[in-house]
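Quick mapping for you: the protein sequence lines, in order, are chains A and B. Just so you know, the first sequence maps onto residues 1 to 769 in our numbering. Just so you know, the second sequence maps onto residues 770 to 1538 in our numbering. Structure record follows, encoded as structure tokens.
2 protein chains.
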Amino acid sequence: MEVGRSIPRVDAADKVTGRAKYTDDLCPRPVLEAKILHSTIANGWVKSMDISAAQALPGVVKVLTCFDVPDIQYPTPGHPWSVDPKHQDVSDRKLLNRRVRIYGDDIAAVVAEDELTAQHALELIKVEYEEYPVLLEPEQAMAEGAGAIHEERPDNILAKMDLRTPIADSRYETVEQALADPAFHQFRGHYETQQVQHCHIENPVSFAWMEAGRIRVITSTQIPHIVRRVIGQALGIGWGQIQVVKPYIGGGFGNKQEVLYEPLNAWLTTQVGGRCVRLDVSREETFQNTRSRHPISFDVAAAVDQEGHMMARSCTAISNQGGYASHGNAIVANAVTGFRQLYPDRIGHHSTAYTVYTNRPAPGAMRGYGIPQCNFAAECMMEDMALQFGFDPLTFRLENIMPLGYVDPFNGITCHSTGLRECILKGAEAMGWDKLREQYKNQTGPVRRGVGMACFSYKTGVYPISLETSSARMVLNQDGTVQLQLGATEIGQGGDTVFSQMAAEAIGIPTEDVHIVSFQDTDTAPFDTGAYASRQTYVTGKAIKKVGLEFREKLLSYAAELFPEAEGLTISERFITDKAGEKLISLAELALTAFYSLEHSVHISAEDTNHCKENTFAFGCCFAEVEVDIPLGKVKVLRLINVHDSGKLINPALAAAQVHGGMSMGIGYALSEEMKLDPKTGRLLNGNLLDYKMPTSMDHPDLTALFVETDDPSGPFGNKALGEPPAIPVAPAIRNAVLNATGVAVNSLPLSPQKLVEEFTKGGLIGHV
Amino acid sequence: MEVGRSIPRVDAADKVTGRAKYTDDLCPRPVLEAKILHSTIANGWVKSMDISAAQALPGVVKVLTCFDVPDIQYPTPGHPWSVDPKHQDVSDRKLLNRRVRIYGDDIAAVVAEDELTAQHALELIKVEYEEYPVLLEPEQAMAEGAGAIHEERPDNILAKMDLRTPIADSRYETVEQALADPAFHQFRGHYETQQVQHCHIENPVSFAWMEAGRIRVITSTQIPHIVRRVIGQALGIGWGQIQVVKPYIGGGFGNKQEVLYEPLNAWLTTQVGGRCVRLDVSREETFQNTRSRHPISFDVAAAVDQEGHMMARSCTAISNQGGYASHGNAIVANAVTGFRQLYPDRIGHHSTAYTVYTNRPAPGAMRGYGIPQCNFAAECMMEDMALQFGFDPLTFRLENIMPLGYVDPFNGITCHSTGLRECILKGAEAMGWDKLREQYKNQTGPVRRGVGMACFSYKTGVYPISLETSSARMVLNQDGTVQLQLGATEIGQGGDTVFSQMAAEAIGIPTEDVHIVSFQDTDTAPFDTGAYASRQTYVTGKAIKKVGLEFREKLLSYAAELFPEAEGLTISERFITDKAGEKLISLAELALTAFYSLEHSVHISAEDTNHCKENTFAFGCCFAEVEVDIPLGKVKVLRLINVHDSGKLINPALAAAQVHGGMSMGIGYALSEEMKLDPKTGRLLNGNLLDYKMPTSMDHPDLTALFVETDDPSGPFGNKALGEPPAIPVAPAIRNAVLNATGVAVNSLPLSPQKLVEEFTKGGLIGHV
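Right, dumping it as structure tokens:
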């Protein structure tokens, strides 16, 4: 068995020795350097620009402005394209924008012989603006007369959805009637999440040049094949005219599931005769101009019967989309769907969701894609209800979680396997839940401890909301080893390693005999939409399994030509063996024969597509133990335990590493991270790693990752989503632990010292001055 | 029709603008630099080496000697491997050699932080030799007691072959009896060719590093997949552990059909922890240490009947192999075979060939692979016989050339098409042959003019002497264009362009919609043995046609899913059309649908192998008009006309360019080029482009390339060999023109001023002093 083994990462040695090549390592030097001029207003128009001084600066090759770019609006998110215009992403930006929608919008670009000259030239460009009021919050943007940020959306509402499940109880006609039934416990709540940034180590960077009349772009992306498409759209040229290469990347988390600066980089090279142009985006630009996690507010209501059964809920979510549509309504739609699915309502459910343009830096895809937000609302709410109605919080959850066989009434996604109950019980035992809950009752004094938990469900990939398609190619080497080529991407998560294990498993060879082509070159890599939605081990995994079995069949079929009398041929320990287990020929010798046979020379390879039309739910939970210093508003996380049901684990050690990373992200989301804007100008105040407070190793307890392995019948190897889930339940678990410690329910993130002091003061734990 | 059009080269713009990337352009800097220590003796042993001073030099990373390398002898020539040990190439060198066999043999290597330091370190290495007498000529090497250059061959004879065709006339038992029959004109002659170098613009250069435990080598080669194999053999590691990438290359001509320095470069990186090491071979090293054209001497005899029919010939060829086997006996075997095939003997033929180790720089593959040598002998001989026996030289040839349907008695290669008669007649007419032959009779004075000609036959690829196998891959882009990926290589000959035309022809789309992947990366490129033997348009062409038709079928089959009612689907003008010619869907739309269909998403691609089991003959001739300054021994080429039958031309303009290049090479071979060795030491005296006299543009007349297009039934598009042929007939045509001008038959190459003055003196045209 190659699947299920904790083998070391195939890229481990290169990455720890620094031998691994990232985009910037590959950039030829000297190279032309591009820099972008960003607007100093958040809402308005560029009326005019004077570039004469910049253009005259020695070393400046070209200055290009929003008046020069092609008059093409294009979509940036990394979704599969749709041939149905109704399902296409929103095209709402140009390469450089005259219509300024965020502070720091891209309005001009300089190409120069070196970075300093480019930077200096930017400072010489004079801009005249027409300025409008800054709209940072949905309420401002939706207000009468606010003015349209995009003229296609006069009310600034990018999208609104309203979904009601069928009512399962004939006594009610609407969810609202059930929510108002006095026979039930009734609950209403309001929860809010903040805007945070991915903070991947490697900022977006790319370089581009022209060759053979085509544009070649090397870039740090999660989605090379989609980058190719979007560049074609943005420049208005055939998508086959572009070649995109993706080396190793230093993190993405969804921010590199969007095509932000590659189109500009590609266009710039066409404007300087095809010379190589590098576009390196600074940390500050990454914060201000790339994507982040949507701030979403949730107004929720619930009706729970006396036995603790969830009867009905409603949820109204308002998502702050910032200045550009990015992934559009998909994220808040995912949020309200996830909110509904984890605890199916026995009578019915009503979701409403708004995505609203504002002048904030535009949020987009980020690990969890709306689910960390809704999970905060859902799991705070569960805790608050349990407390209010006198239920044990674990029992209350166990009573209501999604059952095996659940089918979503809208998208049909089915629960093919679930270990959530076991996850909760395992986590509770690991935490010593019952003992600690008892122990932490009735604390007094300034420093108190508490335990909290939260659970979640998460679908695997995007089917049927969107297309799921993946292809793979395998090529036999002359020594019997195999090249594995994919369009799916290694983005630091260990994809290359688990893909290699899957291919080895399907073919029947050791993983060390699979050589994965880590870089994707869209000219030769099979098509795959890329790394997002925790899809690759599932969707790409199915393609690998399919192609692996085809490839294995070709090996066996060639062996059958060589041994026409033999029966029951199979592959075992690098040999073709017959039904008696006798070794007939080594794979190495078989390969040499196939290559060099004078009778039948064939270069064995297999390539195929798997169109995936399945989905399933992964599950998990987080248990947190905290110590709260009430006067300082300081939360110390003492212990953190995640327990996941992601089906069968392809590589348990990598799975645990994946979980650790997500838990770390959750700590920052819970306690310290927040993009802070100047309310007057819309300028980001803390767009750097000094002022933006990511948790450091000092803020981390030991992280415990546990698993409940189910065998999902729809997964290629029994596996389900794991990439995003670990980040989901951490923030509500910590918040619920703080509630357990202090009795104070904090309903917005992050639980920063300032906010906690305010809340503890309101709650009477800190005396009013 | 895409085939047959003179479209511009697909790489033209990049190459003339300097945008095209060659190996050294791609090398990261800074990089570790390797330099090789060459022996200062030509025959002997390295007894000891003192590297202490070199190793102590600051900046030196590692000094490695012939005492450090793996104890593995490996083969260097670029042939397909054979699983039959009897047909494997000779393994007669190590990465660095203790046994020194040529002056300048590779005995140590330095890796340093920069080139100057590496060079300086070389000078600090002290070497003690055991020295043997220098053997430069076959006669010396074969002499009793000469001493073995390779201990496996005590007589220094690498190989000897002796082939007799069946005797077709019962009056004779042997060819020798027919040759001695007084009823026939009898002829005996001796012809010799010299050692020349390819003089490609780009010397061999490579760089290598380790990644993911594997070795990656970027190199200027004609045969990337074979380089991969030979590195594996030389280092004794799995062939799948090596990745070879071939960028654009600055010429090869057969010298880069051998794997000379890549194994050393690959090994050096393993000795410095996988750091990137560059190995740039100087022009001097290229002359001394890489390959060249074999000097071959021919002793020939012929019997011709009174009507001018060729009855019988014998040929004994001795090929000077220099210090290493390289392509071994294959080249002289090809020479005596080609000698036999052009004018099939009516009674019988006897060939004997010897390949002899000496201490010369080792010759190997060079454009024409033995045929320019034998063609000099064959066509001088024809001219000399015509003169001696009173035949018209054209009629004499026309009477005896290979007929349509000829089948070689040994290898079965068949003449499936021939336009040689038409070529000769077309060339004669273009030259004004009859008029000039008349005009140049009976000249006197110091400056005289003459016309001469020569013709040739040339097989296409290496089947059935060796394996011919090729594969191709095509991938549909989202805009309906196609990626074409091959293992066959563009080496400056225009391969990429004609491959693209062939793919377009097979699929039914415009050539501009085919994007060829010019670089070969052995990790992903389909297998093909590479550029040699004028094989690619024929052998790879068959693979392209096969895969193109499969790919086309997949497009049509997907279209049939979309239009189940339609009949007679075909591809026309970028659309799928039905039998009425109605346009159903554009290829661009078909592509988008196939990628993004929610019913059936498939990424259309096709990959397959063609095992080629056919061969055919190409033909042609050269007509030369010269002016000879007798006292100066100076030949001025006034006009040069090549006429070729290479079947159907894929791209007539590129075909003409190919011919021009070959004619230029032929001028140098005829008149000026020769590698001169110091007879005492074996040191090359003129191993640089100043002292080695290549013809310049001043030495060229306008070159005329004409074609007779046959439609070869075995060719994928009616095409046959063209890469090597143009270089073949030029030297004998010029020699025969000098004979026509002066009456002096020069029987060795080159016709240098010194040699001509000697010959004219012997012939009485210059008075003895």
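Heads up, the beta-carbon is just placed ideally off N, CA and C, and yes, glycines get one too.
For Arg639/A, the uninterrupted beta strand (DSSP E) run begins and ends at Lys634 to Asp645, by DSSP. Taken in chain order, the complete beta strand (DSSP E) segments of 3 or more residues contained in the segment 238-322 of chain A are 242-246, 277-280, 296-304 and 310-322.
Spanning the alpha carbons of Asn719/A and Leu649/A requires a straight line of approximately 6 Å. Our two residues, Thr845/B and Leu1245/B, have alpha carbons roughly 37 Å apart in a direct line. Taking a contact as a CB-CB distance under 8 Å, the pair Met474/A and Phe551/A counts as one, their CB atoms being some 4 Å apart.
Between Phe396/A and Met381/A, the C-beta gap is not smaller than 8 Å, which leaves the two residues out of contact. Cβ neighbours of Phe389/A within its own chain (closer than 7 Å, five residues either side excluded): His185 and Val304. DSSP, read as helix, strand or coil, puts Ser48/A in strand. Bridge pairing for Asp1203/B: absent [DSSP]. Here the segment 34-48 of chain A lies against the segment 108-120 of chain A, with 3 or more beta-carbon pairs under 8 Å apart. Using a Cβ-Cβ cut-off of 7 Å, Phe595/A is close to Phe1296 of chain B, given in chain order. The alpha-carbon separation between Ser1374/B and Glu607/A amounts to approximately 8 Å.
Residue burial is scored here from C-beta neighbours: Glu1031/B has at least 16 other C-beta atoms within 10 angstroms and is therefore classed as buried. Taking 8 Å as the CB threshold, Ser82/A lines the interface with chain B. Cβ-Cβ distances below 8 Å link Leu1359/B to Gly1249, Leu1324, Tyr1327, Ala1328, Leu1331 and Ile1345 in the same chain, with the five nearest sequence neighbours on each side left out; the list follows chain order.
In this structure, the straight-line span from the alpha carbon of Glu1351/B to that of Glu1334/B is close to 13 Å. Against His327/A, chain B offers no close residue; the least beta-carbon distance is about 18 Å (beta-carbon pairs closer than 7 Å).
Taking a cut-off of 8 Å on C-beta distances, the segment 895-905 of chain B does not touch the segment 1063-1083 of chain B, as fewer than three cross pairs fall below it. The segment 276-292 of chain A and the segment 228-241 of chain A do not touch, with fewer than three beta-carbon pairs separated by less than 8 Å. For the C-beta of Ala1099/B, not a single chain A residue is nearer than 8 Å; the gap to the nearest is close to 16 Å. Note on geometry: alpha-carbon atoms of Asp513/A and Ala504/A lie some 8 Å from one another. When the alpha-carbon of Thr290/A is set against those of Gly254/A, Glu724/A, Tyr248/A and Phe499/A, the nearest one is in Gly254/A.
Residue environment: Leu1253/B is assigned as buried (16 or more neighbouring CB atoms within 10 Å of its CB, all protein chains considered). In this structure Ala741/A touches Arg449/A by the C-beta definition: roughly 5 Å separates them, less than 8 Å. The bridge partners DSSP lists for Val100/A are Gly44/A.
DSSP lists Ala302/A as the bridge partner or partners of Phe187/A.
From the listed residues Ser1083/B, Leu1518/B, Ser1415/B and Thr1378/B, the smallest Cα separation to Ser1441/B is found for Leu1518/B. Excluding residues up to 5 positions away in sequence, Gln194 and Pro750 lie with their Cβ nearer than 6 Å to the Cβ of Glu674/A in the same chain. The alpha-carbon separation between Ala1102/B and Ala1070/B amounts to approximately 18 Å.
When Arg735/A, Val3/A, Leu638/A and Ile491/A are compared, the shortest CA-CA separation from Gly250/A is found for Ile491/A. With the criterion set as a beta carbon lying under 9 Å from some beta carbon of chain B, the members of the segment 236-247 of chain A are Ile237, Gly238, Trp239, Gly240, Gln241 and Gln243, in sequence order. Taking a contact as a CB-CB distance under 8 Å, the pair Tyr1227/B and Ala1387/B counts as one, their CB atoms being some 5 Å apart. Taking C-beta separations shorter than 7 Å and ignoring five residues to either side along the sequence, the partners of Ile1193/B in its chain run Leu1163, Arg1166, Leu1167, Cys1224 and Cys1390, following chain order. In the DSSP assignment, Cys622/A forms a beta bridge with Ala454/A and Asn642/A. The closest CA to that of Ser471/A, considering only Phe623/A, Pro28/A and Asp528/A, is found on Asp528/A. Per DSSP, the beta-bridge partners of Met1243/B are Leu1253/B and Ala1375/B.
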